[in-house]
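K.L.:
Protein chains in written order, with this note's numbering: chain A, 72 to 593; chain Z, 11 to 301; chain L, 39 to 345; chain P, 32 to 602.
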């Protein structure tokens, strides 16, 4: 479509950026770049939050053992190389030499051990399960560390490329106020200050070296400082962008057409974000304990139309339970089990269940606040009404939503109709499905031994082909049973508007913004 | 919030005379007109509204005010005018429910405390004062933190939140009335507690509460709009004015009409009740009229 | 006088004390299991939830929980927030200066604008001036201040581009302070007017006139001085309302004070933060009203030299 | 006689459509005291306010006339010029000393500012002058007074300050608007005396506005009598009192109770042929004490004021016991205590033999049938939102005396009994005049056929002419129904007219109690004597005896002792 063409896609942006560098066009090194976002980070501690907002800042402060390349494949990074034991139960990483933590201490095996031990400590990481069945970390020498697993774990290496596995330098143990006032890593930027709700100020890490990130610049960043500022109001962000109070910001969706219509701002729209927005239901009680009700909702709603209205073609329909760019995602494969917009089919299903114009199906739709999702919800609400599903909307914070969905599934003491929700997850690997559905999963939702077995398989298999098959089995199961119905991707914070003087900004796979190549021209 | 701490209305005013007096006072007349208009609009909403307030694509999306859409359309092409017209119902509901709750509870509290006197009064009113000093909005927030968001919850929250206000006013009036000889005369006549409270105190408290209640509606409407604006009140697709305002924020520059009209609606409604309240006070309180 | 101050402080203490009870009850009024609502999220196991429950002492009987809470509060520990698990008091203190700056500057605007408008109207009582001023005031009272905020934003930032659209720093303070100040100013104008009219009707003003003093002298020395007493006495309450209004206004202008924090907390059902906020708010309001009561006592000899 | 200092001609003032003053004319000569008398609403105050342009702006309008003072018409003067006259050449003092001084300014400043303004004195000079004036109005320790705030002074002291303030500039005219109405009789005497001294010292002409014939007789050289905004009569004081020409004046004077008029009689004037004579004891009270807690609240009690200390008395059927005393003497407290409208700390109260304090709330309510109360302010005493028919019926309903049509008839009868029309039943209190309201209150009290009526200053809110009628009604009722009255009043003359026996109270104690004739005729207690001496006589010929200087410190305030049959005096 027209829109796509005019977009500066990440890869091309990179080329563009580098082209300038090579041509040596006037580009002053240094300067402060202000990045305006709708919300603040929750914590500087990669074990204490799961929000994209937080992760994107961790990326700048910390580094990871592995790193995703442009296609989202995990490559060596802080870990120059590694060996896997025959049984696939122990990984031995040899680390890069001469890397320094922000406090000047040398980065090494101790830091890796510190990080992993911490993740499994008495106040464990929120994403502990995703680390895998780790049983021990062993420092072989300064630059060699061995991690042993209880069982083989296919998603182990990808995880080590994700922000959740950010390496936290051991020196943080002494540092006071880790996570709020201090954060020592090996990333391209050092923490200067964090004023909660207002801004995070980062400064150039002169000792930084890049090994695996898909950027041109292997050394320290060109910028002097990176200021990540919170500006909740889209209009305010846009105005800030236009007046130069900010260099990069997520624009209001309704203004995207204008921006594309050749005004000075540039757009970067991330792809392969791993973000998945999907229908999910309270399967523990009526009406959604009946697959027909779940299918009816899926058939009654038209994501294509909705996202076109709300996001103007900056994202696309996603058929799969795991988003584009993630291992195992295959639109053709998923589509055959999917639920295309078909209100008549929906009405049939409802009729079979005994619902009709006379007695509509009453339920409630939970939606995560922000990102114009409430408009999306209103569209779906209207479409559902057409087929005789009366859904009231409750908009809430994502944390609350997670809790409420789980609560609804666990509650047995009520006769109130079950709810359904427009759930949102961004992940780098199909392992998310294990977190979401194994033994009921994060939401104590749908549970069956058959599914559990399939999910366990996706974890244990390490051979790509075999794993792909297992993953597709899970996908088929989830979709035919209408447990996890994909809607669209990406879903949030994937559009970046740039001032013209910003060059070399790129967003890697799974929504990792990278500033290594960024320069401010005048 | 300004309200008469001292009781209004020295002498009773016959209903018919009251209406006339009200219509003669400029604020009263205008206020009454606005409030009546609001009521009419609310009652006849389906008749007045040219479109279904919920139907999408009643027109093009984000169309500026035009002959077809007097107040333009929103992101989903819904007719803003129709939504505002239907919003009047919600607004009226908010006003009555919230004030209903706080007025009844506050009245009883104030009456009992004021009449009982002694330590029950002291403790009760001290408590009320304390809660009062938290201010409505914070109490409302606390309530919503418990009840969860939603328009009905917001109404309840606001109702609860302003109980102390009404309790204090009732109490202050009761104190004044209680020390008037007529009350003592009734005691001397051997009147029972109930008789004293409901025949002698209550009628003399009512006028003040009519005034405060009218003004209270405006406060309630404002508060509810505020909560909805913050996203704690009305939920989509309810055409609640405060909520419409909040969803207009992203479009201030692109579609200002989405911000201007709901705001106007709230302002005019609140103004109406404020004026009416002032008017009623003038009518009921000769001292005020002298000014 | 000293006795007066002691009394007010005592009253403030009671207020705060009751607030502590209120916030402890708050968490128990929540339907469902607060711990689950707050902590049961991604990948939390039953064991962890029970651990949290124990850590928060939520497995104890209510009265013990209260005293545990009170004990912690007295040591200045308001617990840790759920989102990002940070010390609540630190967070509040970090955000408070912004709110204070906003409310104080708004109060100044409100008193200057509202006070003079009200005084002027009272002085011109019954004239077109009075009518005009009061019309202005009642319109001001009736405007939703968040709407006023949006209008100002639209005018000064979007259209004229004179002022920044949000963030920190004094230039960003102008609009929110103006919004809040004008809204409150309208209320103060009405209060001041009626207070001053009461004063003008007093015998002693007549006496002053009968002495043949120049109008201005009567106005400022006799009337205004006495009028200040009731006006100042209202400020305590007005400040509380300003603090309340700030909650909304901060969200309109993305002004980074405790108000925005509070709303985020309510959305995230971050109960420790909500509890902390209410307690903090009550404390600030209580203390401020003590200060204001004392000032107005200083203005009023009947209290200053009262027995 | 020299040319008049102030010449008022055809002065007319209107409030909206109402003419408050209608074509008033009079002269005021140097050094004389001209009294303008009239009942409420006669326009006496308005007329004088008009002179100095102190009428409430906008609401009042001067419709015509002139007021020539020293060659210029005050009514036509510009604000600036009028200001030069105000306070400077013509000073004014008001009725309410409590509210007439600015509460937030020190006495000193309020005294000096006019001096600085008009005389252009230096602060120091003004201060000296102020001190001198305070000495003249003999306030103790002037320097301290200068530093004090109004609320630290008593009413009498404040009025002295007002006078000092007014006289400081040695004005030609002093307008005194009801200068002593708000004060106790003894203080009033002092203030009147002070005004005379001042006049003598500075030769000031005084324009005295008052409703009190006693004050007029004592102070005035000439009198202007006003009624409904018009001057009905003018003349030298003796002429007015001696041979009033206008009927209104005559009626007014006739209505004024004169202390000593009945000094020869034992009881009140008989209204009916066979008045009921005092019978059995209805009320007996002894050792009543009450301490009012100071401002309390959560913060516990603090201090406290003694309202009653060991007060005891008894009243017989058909008898009136008068409790007299100045404000704060505890007379009202005693009255309300008797009715158990407030709980006494200790003491015994018996109504027809049974102990009132022992009664439960329920049986107390029943007992209230036999004791009723009549209040000082009849308007406030009637619930504004209940028709007077229902108000009068209420006690009977409560005590189940009558219902339905019978109730209706009784109410009608009661109304007639007190001289009102049954058709008034449907009306509300605000539709009646002060006198009528008091009649309604009395009817209400009578409705349950009480034995005892406590009347707390029943007429002090009424004009003298009305007062006379109400008093007569009360006498008539007592004599025909054998009611026992506990009559609370500050007005000695009224007491003399009503009472059989008198109890004089001071600071919560009874200092003297005995037969009215004995107590008023030959007081045994110095305080009683002082009270009586202080009462102004409505008779210009009478020479006021020199006020006995009371030494308040060693007044005998001890327990009562019988000094003559049934005559008790504090030791």
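Don't be surprised by glycine CBs; every beta carbon is placed ideally from N, CA and C.
Note that the structure is a prediction, hence the values are computed from the model and not measured.
1. Based on Cα-Cα distance, which residue from L:90, L:104, L:39, L:138 lies nearest to residue 283 of chain L?
2. For chain P, check one thing: does any of its Cβ atoms lie closer than 9 Å to the Cβ of residue 266 of chain Z?
3. If you draw a straight line from the C-alpha of residue 155 of chain P to the C-alpha of residue 118 of chain P, how long is it?
4. If you reduce the DSSP assignment to three classes, tell me which class residue 42 of chain P lands in.
5. Sort A:142, A:154, A:156, A:138 by Cα distance to residue 148 of chain A and report the nearest one.
6. Using the C-alpha atoms, what's the distance from residue 314 of chain L back to residue 117 of chain L?
7. Excluding five sequence neighbours on each side, which residues of the same chain lie with their C-beta closer than 6 Å to the C-beta of residue 326 of chain L?
8. Quick one, are the C-beta atoms of residue 318 of chain P and residue 341 of chain P less than 9 Å apart?
9. Below 6 Å CB to CB, which residues in the same chain sit around residue 600 of chain P once its five sequence neighbours on both sides are set aside?
10. Just to confirm the assignment, what range does the beta strand (DSSP E) spanning residue 602 of chain P have?
11. Give the range of the beta strand (DSSP E) segment to which residue 638 of chain P is assigned.
12. Any C-beta of chain L sitting closer than 9 Å to the C-beta of residue 94 of chain P?
13. Do you know offhand how far residue 299 of chain P's Cα is from residue 524 of chain P's?
14. Give the residues of chain Z in contact with residue 326 of chain A, contact being defined as C-beta atoms less than 7 Å apart.
15. For residue 50 of chain L, which option in Z:151, Z:236, Z:143 has the closest C-alpha, if you only look at C-alpha atoms?
16. Go through its chain and collect everything with a Cβ distance to residue 552 of chain P's Cβ below 8 Å, but skip five positions before and after it.
17. So with CB distances below 9 Å, who are the chain Z contacts of residue 637 of chain P?
18. Mind checking which residues open and close the beta strand (DSSP E) that includes residue 584 of chain A?
19. Going straight from the alpha carbon of residue 460 of chain P to that of residue 491 of chain P, what length do you get?
20. For residue 116 of chain Z, go through chain L and note every residue whose CB falls closer than 8 Å to its CB, in chain order.
21. What beta strand (DSSP E) runs, 3 residues minimum, are completely inside the stretch 229-296 of chain A?
22. Please check if any C-beta of chain P sits within less than 9 Å of the C-beta of residue 339 of chain L.
23. Kindly indicate which residue of P:506, P:445, P:494 has the alpha-carbon position closest to the one of residue 479 of chain P.
24. Can you give me the C-alpha to C-alpha distance between residue 160 of chain P and residue 149 of chain L, rounded to a whole angstrom?
25. Any idea what DSSP makes of residue 381 of chain A, helix, strand or coil?
26. Run down chain P in chain order and give the residues with a C-beta less than 7 Å from the C-beta of residue 192 of chain Z.
27. Contact between the stretch 177-185 of chain Z and the stretch 112-132 of chain Z is defined here as three or more beta-carbon pairs at a separation below 8 Å; is this criterion met?
28. Give me the DSSP bridge partner(s) of residue 65 of chain P.
29. For the alpha helix (DSSP H) containing residue 188 of chain Z, list its first residue and its last residue.
30. Let's test the definition: count the other Cβ atoms within 10 Å of the Cβ of residue 133 of chain Z and tell me whether it reaches 16, buried, or not, exposed.
31. If you run the structure through DSSP and keep just helix, strand and coil, what is residue 123 of chain P?
32. Should residue 284 of chain A go down as buried or exposed, given a rule of 16 or more other Cβ atoms within 10 Å for buried?
33. Pairs of beta-carbons, one from the stretch 299-318 of chain L and one from the stretch 165-185 of chain L, closer than 8 Å: are there three or more?
34. Using the beta-carbon count (16 or more within 10 Å), is residue 185 of chain P buried or exposed?
35. Are the CB atoms of residue 55 of chain P and residue 78 of chain P within a distance shorter than 9 Å?
36. Which one of A:402, A:103, A:282 has the shortest CA to CA distance from residue 295 of chain A?
P.N.:
On the basis of the data shown:
1. Locating residue 283 of chain L in the third chain gives position 245, where the first residue counts as 1. Looking only at L:90, L:104, L:39, L:138, the smallest Cα-Cα distance to residue 283 of chain L is reached by L:138.
2. Indexing the second chain from 1 puts residue 266 of chain Z at position 256. No, its Cβ sits nowhere closer than 9 Å to a Cβ of chain P.
3. By 1-based counting over the fourth chain, the position of residue 155 of chain P is 124. By 1-based counting over the fourth chain, the position of residue 118 of chain P is 87. Rounded to the nearest angstrom, the two C-alpha atoms are 20 Å apart.
4. In the fourth chain, counting from the first residue as 1, residue 42 of chain P sits at position 11. It is a strand residue.
5. For the purposes of this step, residue 148 of chain A is taken as residue 77 along the first chain, with counting starting at 1. When each option's Cα is compared against that of residue 148 of chain A, the closest is A:138.
6. In the third chain, the residue the question calls residue 117 of chain L occupies position 79. In the third chain, the residue the question calls residue 314 of chain L occupies position 276. Rounded to the nearest angstrom, the two C-alpha atoms are 8 Å apart.
7. The residue you call residue 326 of chain L lines up with position 288 of the third chain. Taking C-beta separations shorter than 6 Å and ignoring five residues to either side along the sequence, the partners of residue 326 of chain L in its chain run 277, following chain order.
8. Start at 1 with the first residue of the fourth chain, and residue 318 of chain P comes out as number 287. Start at 1 with the first residue of the fourth chain, and residue 341 of chain P comes out as number 310. Yes, Cβ-Cβ distance for residue 318 of chain P and residue 341 of chain P is below 9 Å.
9. Indexing the fourth chain from 1 puts residue 600 of chain P at position 569. Contacts found: 543, 555, 556, 594.
10. Counting from one through the fourth chain, the residue named residue 602 of chain P turns up at place 571. First-last for residue 602 of chain P: undefined, no H or E at that position.
11. Look at the range of chain P in this structure, 32 to 602, and you will see that residue 638 of chain P is not part of it.
12. Counting from one through the fourth chain, the residue named residue 94 of chain P turns up at place 63. It does not; no Cβ of chain L falls within 9 Å.
13. As a working note, residue 299 of chain P is residue 268 in the fourth chain. As a working note, residue 524 of chain P is residue 493 in the fourth chain. Straight across, the Cα-Cα distance linking residue 299 of chain P with residue 524 of chain P is about 12 Å.
14. Residue mapping note: residue 326 of chain A aligns to position 255 of the first chain, counting from 1. Those within 7 Å of residue 326 of chain A in chain Z are 264.
15. For the purposes of this step, residue 50 of chain L is identified with residue 12 of the third chain, where counting begins at 1. That would be Z:143, whose Cα lies nearest to the Cα of residue 50 of chain L.
16. By one-based count along the fourth chain, residue 552 of chain P stands at place 521. The residues are 294.
17. This structure leaves residue 637 of chain P out entirely; chain P is present only between 32 and 602.
18. Working through the first chain from its first residue, we reach residue 584 of chain A at position 513. Where residue 584 of chain A is concerned, the enclosing beta strand (DSSP E) starts and stops at 583-585.
19. Position 429 of the fourth chain holds residue 460 of chain P. Position 460 of the fourth chain holds residue 491 of chain P. Answer to the nearest angstrom: the Cα atoms are 19 Å apart.
20. By 1-based counting over the second chain, the position of residue 116 of chain Z is 106. Chain L residues near residue 116 of chain Z: none, gap ~17 Å exceeds 8 Å.
21. Those beta strand (DSSP E) runs which fall completely within the stretch 229-296 of chain A and span 3+ residues are 260-266, 270-275.
22. Mapped onto the third chain, residue 339 of chain L falls at position 301. Yes, contact with chain P.
23. Counted from its first residue, the fourth chain places residue 479 of chain P at position 448. Among P:506, P:445, P:494, the Cα nearest to that of residue 479 of chain P belongs to P:445.
24. For the purposes of this step, residue 160 of chain P is identified with residue 129 of the fourth chain, where counting begins at 1. For the purposes of this step, residue 149 of chain L is identified with residue 111 of the third chain, where counting begins at 1. Distance between residue 160 of chain P and residue 149 of chain L, taken at the CA atoms: about 40 Å.
25. For the purposes of this step, residue 381 of chain A is taken as residue 310 along the first chain, with counting starting at 1. In the three-state reduction of the DSSP assignment, residue 381 of chain A falls in the helix class, which pools H, G and I.
26. Here residue 192 of chain Z corresponds to residue number 182 of the second chain, with the count starting at 1. Identification of chain P residues near residue 192 of chain Z by a Cβ-Cβ cut-off of 7 Å yields 411, 412, 413, 414, ordered along the chain.
27. A contact exists between the stretch 177-185 of chain Z and the stretch 112-132 of chain Z.
28. As a working note, residue 65 of chain P is residue 34 in the fourth chain. According to the DSSP secondary-structure assignment, residue 65 of chain P is paired through a beta bridge with P:238, P:253.
29. Residue numbering aside, residue 188 of chain Z sits at position 178 when the second chain is read from its first letter. Element bounds for residue 188 of chain Z: 173-188.
30. In the second chain, counting from the first residue as 1, residue 133 of chain Z sits at position 123. Classification of residue 133 of chain Z: exposed, given that the 10 Å Cβ count is below 16.
31. The residue labelled residue 123 of chain P in the question sits at position 92 within the fourth chain. DSSP places residue 123 of chain P in strand when its eight states are reduced to three.
32. Here the question's residue 284 of chain A lines up with position 213 in the first chain. In this structure residue 284 of chain A is buried. Its beta-carbon is surrounded by 16 or more other beta-carbon atoms within 10 angstroms.
33. As far as the Cβ criterion goes, the stretch 299-318 of chain L does not touch the stretch 165-185 of chain L, which means the pair count is below three.
34. Against the fourth chain, residue 185 of chain P aligns to sequence position 154. It counts as exposed.
35. For the purposes of this step, residue 78 of chain P is identified with residue 47 of the fourth chain, where counting begins at 1. For the purposes of this step, residue 55 of chain P is identified with residue 24 of the fourth chain, where counting begins at 1. Yes, they are a contact pair.
36. Taking the first chain and counting its residues from 1, the one referred to as residue 295 of chain A is at position 224. Measuring from the Cα of residue 295 of chain A, the nearest candidate turns out to be A:103.
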